[in-house]
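To start, the structure under review is shown below, and the notes come after it.
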Amino acid sequence: MADPGWMIERLDTALTREARADAPQHSDESHRFLILLFHRMRAADAPVAPGSYYCDGGITTSDFARVVEFFKARRYEFFTPRGLKSALSRHHRCVMLTFDDGYADNLQALPILEAHQVPAVFFISPGPVVANEIFWWDAVFREESCRGTAVKKIHSDIARLAALDVPCIRDIVLRRYGVRALEPTTEFDRPLSVAELRDCAASPWIEIGNHSYDHSLLVGKSLESARRQLLLAQSTLEEITGLRPISVSYPYGIFTDETIELAKSCGFEIGLTSDKCWNSFPSALSAHNLLSLGRWPLSSRREIHRQLHVLERPFTASRMYYVCRTMLHSVRRSAHHWRLAAFFQRGA
Ligand SMILES: [Zn+2]
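Sequential numbering of the sequence shown, starting at 442, is according to our numbering.
Have a look at this one:
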């Protein structure tokens, strides 16, 4: 897990793609395109309750509308995985809006997408949808916040647990916090319901993608187990929505070359990571690159226009900082996995 060669390779890939996307425009690299990543969404005036909105803090509906308006004003083409190739062949500036996990609060994006007539992609882990259970990390965050545990310690605990299989994590969570710990407590801490997911998929403005069945890490375990995660999500999503996704967002943004090969063998055409970079066209259209596209997260924790202008600027120190911070985060997470694997191998 903590293979330094892999880490260096990923850092090198991220920086190379970043530099390439910002290089002066050449005939063979005439386009670059951007994929944005969101998780939670809340109304601008909704208070953030203690212990909720773990992850990136979410984006407010008004900031999300500003993001859409920003790119529309600059005449960007909005696209989804199914329209990627035709959008890139027709437009010099393209952007894709993506939401990971499948939170019910993402439904608030739909009126904005409809009003502006732009599409987005919802990457869903159908396990929690079918079980109507909140995501385990939200239960840990909520319960530990209520106990007064320091946020840094909660994040560290969540990163450590994430290396385990989700059924095992569920057992730990239920043992620690009680048998009702994974039940939704508010309207917006829950995943989409099956009916809501079906309705979303029927909207012309939403495309559904695969985010593994129960949000299990796809690396650090057997290839067969990772394959089961992807294929079970595929069959469940197809059963609910009537459509088989062609894209996958790797849980936690973590992937290796084996993950890309696995995604390819499972029939995916597009794979999304959390590497913070622009993507170049046409180099992105190689099968390998299409299965490891970079994305930029945006949240309302910082002023939204400032984040958007940083994205628009050429290669800057702040973008370099984001890329390096992502890699450091991956190194730290892998170190956790390695320590955990060593712990279990000792039979402790
Ligand atoms: Zn996720």
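We put the CB at the ideal spot given by N, CA and C, even for glycine.
beta-carbon residue i near ligand 3 non-hydrogen atom, thresh 8 Å
i, result
"Ser657", "You won't find ligand 3 in this model; what it holds is ligand 1."
Cutoff 6 Å; reference residue i; Cβ partners in own chain excluding five residues on either side
i, result
"Val581", "Ile599"
"Leu478", "Thr539, Arg736 and Pro738"
"Ala674", "Pro567, Asn651, Ser653 and Tyr654"
"Ser727", "none"
"Asp444", "Confidence at Asp444 is low in this model, with a pLDDT of 42, below 50, so its placement is unreliable and no value can be given for it."
Straight-line gap, residue i to residue j (C-alpha atoms, nearest Å)
i, j, result
"Val592", "Glu753", "32 Å"
"Val614", "Lys526", "43 Å"
"Arg669", "Ser644", "28 Å"
"Phe505", "Ala550", "8 Å"
"Gln466", "Ile476", "With a pLDDT of 39 at Gln466, under the threshold of 50, the predicted position of this residue should be treated as unreliable, though the coordinate-derived value follows. Gln466 and Ile476: Cα-Cα distance of roughly 19 Å."
"Ala642", "Tyr618", "34 Å"
"Thr438", "Lys594", "Nothing can be reported for residue 438: it is not among the residues displayed for the chain, which extend from 442 to 789."
"Glu624", "Ile575", "6 Å"
"His746", "Arg507", "8 Å"
"Gly708", "Glu680", "17 Å"
"Ser676", "Glu665", "16 Å"
"Arg611", "Arg483", "26 Å"
"Ser705", "His533", "Going by the sequence as given, residue 705 is Lys instead of Ser. In a straight line, the C-alpha of Lys705 is about 27 Å away from that of His533."
"Ser530", "Phe520", "12 Å"
"Asp630", "Val536", "28 Å"
"Gly661", "Gln748", "33 Å"
"Glu585", "Glu628", "21 Å"
"Asp486", "His729", "42 Å"
"Ser657", "Asp541", "13 Å"
"Cys587", "His596", "14 Å"
"Glu699", "Ala667", "10 Å"
"Leu703", "Trp577", "26 Å"
Bridge partners - residue i, DSSP secondary structure assignment
i, result
"Val536", "Leu475 and Phe519"
"Gly712", "Val689"
"Pro645", "None, per the DSSP bridge assignment."
"Tyr544", "Pro632"
"Ala528", "Answer is none; Ala528 lacks a bridge partner."
"Ile565", "Asp542 and Asn651"
"Phe722", "His472"
"Arg483", "Thr501"
"Trp578", "Looking at the DSSP assignment, Trp578 forms no beta bridge with any residue, so it has no partner."
"Pro738", "Leu478"
Check: residue i C-beta below 8 Å from any heavy atom of ligand 1
i, result
"Asp606", "no"
"Pro567", "no"
"Tyr618", "no"
"Ser690", "yes"
"Asp541", "yes"
"His596", "no"
"His750", "no"
"Phe474", "no"
"His480", "yes"
"Tyr693", "yes"
"Phe511", "no"
7 Å CB neighbourhood of residue i in its chain, flanking five on each side removed
i, result
"Ser741", "Gly498, Gly499, Ile500, Thr501 and Asp504"
"Val733", "Here residue 733 turns out to be Ser, not Val, going by the sequence shown. Answer for Ser733: Phe696, Ile701, Gly712 and Thr714, listed in chain order."
"Arg685", "Gln675 and Glu679"
Contacting residues, own chain, Cβ-Cβ under 8 Å from residue i (five flanking each side not counted)
i, result
"Trp646", "Leu551, Leu554, Glu555, Gln558, Val559, Pro560 and Ala561"
"Ser634", "Ala545, Val570 and Asn573"
Practice task
Assess, as a yes-or-no matter, whether the segment 564-572 is touched by the segment 631-651 under the definition of 3 or more beta carbon pairs within less than 8 Å.
Solution key: They touch, by the three-pair rule.
Exercise for the section: Spell out a yes or no on whether the segment 678-690 and the segment 707-715 are touching, meaning 3 or more CB-CB pairs, one atom from each, closer than 8 Å. Expected result: Touching, per the Cβ criterion.
Problem - the segment 599-608 in contact with the segment 511-518 per 3-pair CB rule at 8 Å - result: Counting Cβ pairs under 8 Å, fewer than three are found: no touch.
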